[in-house]
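Enquirer:
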Amino acid sequence: MKRMKFHLRRGAGKVSPGLLALGSSVVLTAYVAGWLHVRQLPDEALEAGAPSSLFADTSGPPIASARAPETTAARVTSGTAIPDPLATPGVVYRDGAYSGSGENVHGGVTVGIVIAGGRIVSAEITRCFTRYPCAEIESLPGQLLERQSARLRYVTGATDSSRAFVKAVEAALAKASM
Amino acid sequence: MNEALIAVDHDVTAARRHSQVRVFMDTAVSVNVWARVGDTEVEAAIDRAFTWFGAIEGTCSRFDLRSELARLSATVGRPAQVSALLFEPLRFALAVAEATGGAFDPTVGDSMAQRGFTRNYRTGEDVARSASCEDTCYRDVVLDESRHEVTLVRPLTLDLGGVAKGMALDLAGQELSGFQHYVIDAGGDLLFGGGDPAGGRWCVDIRHPRDPDAIVRTLRVRDTAVCTSGAYQRPRPDGPSGHHLLDPRTRDSAMRVLSATVIAQRAIVADAMATAAFVMGPDARPLLEAQGLDACFVLPSFEIVETCGFERRLG
Numbered sequence: 007m008k009r010m011k012f013h014l015r016r017g018a019g020k021v022s023p024g025l026l027a028l029g030s031s032v033v034l035t036a037y038v039a040g041w042l043h044v045r046q047l048p049d050e051a052l053e054a055g056a057p058s059s060l061f062a063d064t065s066g067p068p069i070a071s072a073r074a075p076e077t078t079a080a081r082v083t084s085g086t087a088i089p090d091p092l093a094t095p096g097v098v099y100r101d102g103a104y105s106g107s108g109e110n111v112h113g114g115v116t117v118g119i120v121i122a123g124g125r126i127v128s129a130e131i132t133r134c135f136t137r138y139p140c141a142e143i144e145s146l147p148g149q150l151l152e153r154q155s156a157r158l159r160y161v162t163g164a165t166d167s168s169r170a171f172v173k174a175v176e177a178a179l180a181k182a183s184m
Numbered sequence: 155m156n157e158a159l160i161a162v163d164h165d166v167t168a169a170r171r172h173s174q175v176r177v178f179m180d181t182a183v184s185v186n187v188w189a190r191v192g193d194t195e196v197e198a199a200i201d202r203a204f205t206w207f208g209a210i211e212g213t214c215s216r217f218d219l220r221s222e223l224a225r226l227s228a229t230v231g232r233p234a235q236v237s238a239l240l241f242e243p244l245r246f247a248l249a250v251a252e253a254t255g256g257a258f259d260p261t262v263g264d265s266m267a268q269r270g271f272t273r274n275y276r277t278g279e280d281v282a283r284s285a286s287c288e289d290t291c292y293r294d295v296v297l298d299e300s301r302h303e304v305t306l307v308r309p310l311t312l313d314l315g316g317v318a319k320g321m322a323l324d325l326a327g328q329e330l331s332g333f334q335h336y337v338i339d340a341g342g343d344l345l346f347g348g349g350d351p352a353g354g355r356w357c358v359d360i361r362h363p364r365d366p367d368a369i370v371r372t373l374r375v376r377d378t379a380v381c382t383s384g385a386y387q388r389p390r391p392d393g394p395s396g397h398h399l400l401d402p403r404t405r406d407s408a409m410r411v412l413s414a415t416v417i418a419q420r421a422i423v424a425d426a427m428a429t430a431a432f433v434m435g436p437d438a439r440p441l442l443e444a445q446g447l448d449a450c451f452v453l454p455s456f457e458i459v460e461t462c463g464f465e466r467r468l469g
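Residue numbers (this note's numbering), protein chains in the order written: chain A, 7 to 184; chain B, 155 to 469.
(1) Any beta carbon of chain A sitting closer than 8 Å to that of P351 (chain B)?
(2) Any heavy atom of the ligand FAD inside 7 Å of the beta-carbon of R133 (chain A)?
(3) Which bits of chain A does L412 (chain B) rub up against, with CB to CB less than 9 Å?
(4) Could you spell out where the alpha helix (DSSP H) holding Q149 (chain A) opens and where it closes?
(5) Using a Cβ cut-off of 7 Å, pull out every chain B residue sitting near S30 (chain A), in sequence order please.
(6) Over what stretch of residues does the beta strand (DSSP E) that includes H112 (chain A) continue unbroken?
(7) Just list the residues that DSSP pairs S407 (chain B) with in beta bridges.
(8) Which residues in chain B have a C-beta closer than 8 Å to the C-beta of T35 (chain A)? List them in chain order.
(9) Which two residues bound the contiguous beta strand (DSSP E) that contains A169 (chain B)?
(10) In the DSSP assignment, the alpha helix (DSSP H) including S30 (chain A) goes from what residue to what residue?
(11) Give me the chain B residues within the contact set of L42 (chain A), using Cβ-Cβ distance strictly less than 7 Å, ordered along the chain.
(12) DSSP beta-bridge partners for D335 (chain B)?
(13) For I338 (chain B), which residues in the same chain have their Cβ closer than 6 Å to its Cβ, ignoring the five residues on either side in sequence?
(14) State whether the segment 400-412 of chain B contacts the segment 446-456 of chain B, with contact taken as three or more CB pairs (one from each stretch) at a distance under 8 Å.
(15) By a C-beta neighbour count over all protein chains shown, 10 Å radius and 16 as the cutoff for buried, is E242 (chain B) buried or exposed?
(16) For L42 (chain A) and A122 (chain A), which I take to be in contact (beta-carbon distance under 8 Å), what is that distance rounded to the nearest angstrom?
(17) For R159 (chain A) and E195 (chain B), what's the separation of their Cα atoms in angstroms?
(18) Give the list of continuous beta strand (DSSP E) stretches no shorter than 3 residues that lie fully inside the segment 349-400 of chain B.
(19) Can you list the residues of chain A that L325 (chain B) reaches, using a CB-CB cut of under 7 Å?
(20) Buried or exposed for S128 (chain A), please, with buried defined as at least 16 other CB atoms from any protein chain shown within 10 angstroms of its CB.
(21) Chain C partners of M179 (chain B), CB-CB under 8 Å?
(22) Express the C-alpha separation of V296 (chain B) and T181 (chain B) in angstroms, rounding to a whole number.
(23) Considering just the uninterrupted stretch of the beta strand (DSSP E) at G347 (chain B), what are its terminal residues?
(24) In chain order, what residues of the segment 246-270 of chain B put their CB closer than 7 Å to some CB of chain A?
(25) Identify the residues that DSSP records as bridge partners of S128 (chain A): which are they?
(26) Expressed to the nearest angstrom, what Euclidean distance is found between the alpha-carbon atoms of M321 (chain B) and D289 (chain B)?
(27) So what does A103 (chain A) bridge to, in DSSP terms?
(28) With respect to the alpha helix (DSSP H) encompassing A428 (chain B), which residues constitute its N-terminal and C-terminal limits?
(29) Where does H112 (chain A) land, buried or exposed, given buried means 16+ other C-beta within 10 angstroms?
(30) CB V115 (chain A) to CB C134 (chain A), shorter than 8 Å?
(31) Does any C-beta atom of chain B lie closer than 8 Å to the C-beta of S58 (chain A)?
(32) Look at the alpha carbon of F464 (chain B) and the alpha carbon of N274 (chain B), and state the distance between them as a whole number of angstroms.
(33) Would you kindly report the start and end of the unbroken beta strand (DSSP E) that includes L330 (chain B)?
(34) Determine the burial state of G108 (chain A): buried for a count of at least 16 other Cβ atoms within 10 Å of its Cβ, exposed for fewer.
(35) Counting C-beta neighbours from all protein chains within 10 Å, is the total for Q5 (chain A) 16 or more, i.e. buried, or is it exposed?
(36) Take T281 (chain B) and list the residues in its own chain whose beta-carbon comes closer than 6 Å to its own, dropping the five residues that flank it on each side.
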């Protein structure tokens with residue numbers, strides 16, 4: 007299947023955008039943002055004072071490719087067996103949607119997670135702008151849901167991207183624990 | 155009346171079809187999920203799928219003055235923070251506007267209202283027709299991604315009719331991603347999950363623009379969206395001939411083709427590009443092919459024109 011890399015440079019020398027990649031990014035960002043509302047969880051679960059953007063952290067280049075996870079491992083699967091809540095002693099994670107970014111020398115990854123009932127119930131790579139194909143780390147959101155922890159097994163051959171993903175998850179979890 | 159007819163082999167014993175139809179965006183939306191007997195989660199998932207349609211309609215409707223889109227259209231000259239459910243489809247619509255050189259443009263709301271497309275189908279009320287000048291364009295909308303803010307540089311009315319249904323289809327589809335086979339039919343704009351439960355791909359017919367009983371092409375698809383824009387769908391309400399698909403560059407009903415169908419993995423892409431392809435006609439082929447999309451046009455002569463990859467979609 008042809009992979010679409012999303013490029014858009016503003017000003018002179020514009021390159022036509024990868025619309026499929028952008029469309030996936032748009033859909034998944036909105037999905038994570040509205041996930042709680044659609045399940046009619048209390049509004050106070052959402053970050054107070056930020057009714058608009060549930061993703062305040064958008065560091066890095068403004069536009070980047072966001073490879074849509076196509077395997078079910080990377081999507082919300084709240085019907086599967088959920089292990090114990092995030093098992094970090096002494097840390098309480100507030101329900102809500104959070105975004106975190108992690109960077110390395112090759113670029114960076116932004117991850118959106120949704121926490122409900124103290125568990126990560128949704129995880130998506132919302133932006134990925136590394137030099138290497140983002141498809142290599144598309145199994146990590148699923149692994150995150152299974153493990154309920156930022157301690158993930160790196161993808162062999164994609165350790166830098168994996169590290170960026172983990173940093174992004176840690177950044178998001180840090181916001182959830184504030 | 156569906157623009158595309160779906161044929162499903164009903165000799166399926168392993169899974170049962172769960173279906174519901176509800177009205178959103180002035181369209182009968184049919185959600186169909188095939189699940190094993192005893193699967194109690196499917197009805198809850200279908201419910202959530204419809205909730206997304208309601209959420210998008212409530213946020214993005216031009217015809218509801220309480221919608222976030224209507225309130226944004228009333229905020230001129232200064233940044234307004236908006237929710238993701240408005241920011242994201244708007245972001246996509248503007249990217250398509252740029253890619254198509256304005257053949258697709260979400261700032262056509264005033265022109266649409268002035269041509270009589272003002273009725274809120276739920277309440278029967280009409281929104282006002284503003285007297286603002288008609289040379290607004292997509293560049294008059296500026297997004298600040300880091301702040302999630304939208305600035306309308308000049309008075310204009312946004313219309314996300316070209317992406318909202320596709321976006322809702324994709325969001326609803328996300329709710330159904332745990333099921334192997336599903337079809338969401340939003341008045342002929344379709345999203346398919348998996349393949350036909352009987353095996354193989356779904357069979358989809360593209361209807362003839364003039365004869366509702368005739369078929370111009372039969373497709374076989376799986377895990378994809380199919381959207382059609384047609385001149386026959388919504389005629390202009392205020393009398394003169396014409397329809398709802400305006401060419402933003404001329405503000406008149408586009409006339410190059412009778413219908414345009416686009417196949418894309420995401421419904422938001424298929425929806426927006428079908429709208430753009432309808433306006434641009436076969437001139438849209440290079441852009442469609444560069445984006446890896448398959449499309450089919452029915453010309454006013456009833457000749458069929460296809461993108462180069464389209465043949466693999468035929469059944």
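Even for Gly, the Cβ is constructed at its ideal location relative to N, Cα and C.
All figures in this text were calculated on a predicted structure; none of them were measured in a lab.
Expert: On the basis of the data shown:
(1) no
(2) For the structure depicted, the ligand FAD is absent and the ligand set is empty, with no information on it obtainable.
(3) Chain A residues near L412 (chain B): none, gap ~24 Å exceeds 9 Å.
(4) L146 to R153
(5) R420
(6) No beta strand (DSSP E) contains H112 (chain A), which DSSP labels as neither H nor E.
(7) B:L400
(8) A238 and E242
(9) A169 (chain B) -> no beta strand (DSSP E), and no H or E assigned at all.
(10) L25 to V44
(11) Those within 7 Å of L42 (chain A) in chain B number zero; the least Cβ separation is about 12 Å.
(12) Note on residue identity: the sequence assigns His, not Asp, to residue 335 (chain B). BP columns for H335 (chain B) point to B:W188.
(13) V185, L323, A326 and L345
(14) yes
(15) buried
(16) 6 Å
(17) 31 Å
(18) 356-361, 369-375 and 379-384
(19) V33, A36 and Y37
(20) buried
(21) Judged by its chain identifiers, the structure shown contains no chain C, and its protein chains are A and B.
(22) 31 Å
(23) D343 to G347
(24) F246, A249, V250 and A253
(25) A:V120
(26) 27 Å
(27) A:V120
(28) A421 to M434
(29) exposed
(30) yes
(31) Because the pLDDT of S58 (chain A) is 29, which lies under 50, any placement of that residue in the model is unreliable, and the number read from its coordinates should be weighed accordingly. Cβ-Cβ to chain B under 8 Å: yes for S58 (chain A).
(32) 37 Å
(33) Neither: L330 (chain B) is in no beta strand (DSSP E) and is coded neither H nor E.
(34) buried
(35) In the structure as shown, chain A starts at 7 and stops at 184, and residue 5 (chain A) therefore has no counterpart that could be examined.
(36) As written in the sequence, residue 281 (chain B) is Val, which differs from the Thr given in the question. Excluding sequence neighbours, V281 (chain B) sits near F217 and T272.
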